[in-house]
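Below is one structure, written out as structure tokens, with a few remarks after it.
Quick look at the structure:
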């Protein structure tokens with residue numbers, strides 16, 4: 007019998023895993039059935055919150071669970087290469103939180119594992135699936151803002167410095183570019199579709215040398231992207247896609263619920279999705295459909311896109327740190 011519902015398991019029951027678990031109940035072709043944590047108490051508490059019967063004290067136990075079809079990897083990004091590789095080799099489809107890994111080389115390694123296993127792997131760029139972002143992309147492709155000249159996007163929230171915070175730990179991929187900067191880097195790629203020809207970067211560092219405030223100006227030849235990310239301040243967290251005949255504004259683009267189309271100062275069109283979910287359900291539904299259909303890669307976010315994002319972020323980080 008053909009399966010109509012994909013059975014998901016989660017490893018790493020932290021904040022983002024709770025978002026996934028809350029929204030999957032609104033997805034018709036998917037269900038959450040299992041959780042694993044190295045802290046059994048956390049796994050049991052998570053399972054109790056969402057009515058899960060399958061609780062594992064090790065990640066490998068979940069990877070070996072025949073009642074799980076796909077794994078959502080919600081562990082820190084410095085561990086993704088190892089955890090995703092293990093899951094793929096055990097025959098599981100994998101949706102990994104972003105960033106997929108911490109370097110272009112790791113991305114190439116993980117891509118090889120996915121190809122060898124023949125299993126599905128995708129980076130969880132949930133923002134790209136949001137209806138407001140997709141509507142903004144439609145307006146742009148329909149030519150409603152003319153020729154693209156600028157993309158402006160930033161994402162930042164204050165995160166007081168502490169040597170004990172994972173986000174500031176250089177040994178586990180800490181720094182604002184991988185942690186938050188992937189959002190503006192990715193939205194620029196969604197609209198522009200390629201890497202910049204050159205990038206100029208201004209960055210500030212925390213006491214331990216990890217970047218905590220970054221502005222990058224990316225030159226694509228025919229257009230420019232100005233991207234920013236910060237642990238030091240709350241940024242506006244909007245994206246503007248600006249053309250010769252108008253512009254698109256996407257408030258809180260990383261979790262976008264609406265977008266607006268402008269000609270000069272006049273708003274000529276608006277869109278609001280009116281959703282009651284956080285927005286993860288759109289990604290989960292599409293990824294589940296991919297896997298149920300036997301696909302091994304996403305059409306929206308293929309592994310080549312994940313490698314391109316890693317290259318773009320690496321260029322920004324290299325300009326700051328000199329590697």
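Residue numbers (this note's numbering): 7 to 329. Think of the CB as a built atom: it goes at the ideal place given N, C-alpha and C, for glycine as much as any other residue. Because the structure is a prediction, the values reported are computed rather than measured.
Residue 38 is a Cβ neighbour of residue 27, given a cutoff of 7 Å. Judged by their CB atoms, residue 76 and residue 61 are not nearer to each other than the 7 Å cut-off. If you draw a straight line from the Cα of residue 57 to the Cα of residue 74, it comes to about 16 Å. In the structure shown, residue 17 adopts extended strand secondary structure according to DSSP, grouped into three states.
According to DSSP, residue 113 shares a beta bridge with no other residue. Per DSSP, residue 133 lies in no beta strand (DSSP E) segment and is marked neither H nor E. In this structure residue 19 touches residue 52 by the C-beta definition: roughly 4 Å separates them, less than 8 Å. The DSSP assignment places complete beta strand (DSSP E) segments of no fewer than 3 residues inside the segment 265-312 at 272-278, in order along the chain. Nearest to residue 190 by alpha-carbon distance, out of 146, 284, 265, 224, is 224. In this structure, the straight-line span from the alpha carbon of residue 288 to that of residue 318 is close to 26 Å. Taken through DSSP and simplified to helix, strand or coil, residue 90 comes out as helix. For residue 50, the enclosing alpha helix (DSSP H) stretches over residues 46-56. Fewer than three beta-carbon pairs drawn from the segment 182-202 and the segment 113-121 are found closer than 8 Å, and the two stretches are therefore not classed as touching. Leaving aside the five residues that flank residue 179 on each side, the residues in its chain whose CB is nearer than 6 Å to its CB run, in chain order, 83, 84, 108. Where residue 155 is concerned, the enclosing beta strand (DSSP E) starts and stops at 154-162.
Between residue 156 and residue 248, the CB-CB gap stays under 7 Å.
If you draw a straight line from the Cα of residue 165 to the Cα of residue 176, it comes to about 15 Å. DSSP places residue 231 in no alpha helix (DSSP H) but in the uninterrupted beta strand (DSSP E) bounded by 230-236. Excluding five sequence positions before and after residue 241, the CB atoms of its chain that fall closer than 7 Å to its own CB belong to 160, 161, 162, 234, given in chain order. Burial of residue 129 is indicated by the presence of at least 16 other C-beta atoms within 10 angstroms of its C-beta. Excluding sequence positions up to five before and after residue 250, its CB lies within less than 6 Å of the CB of 152, 153, all in the same chain and listed in chain order.
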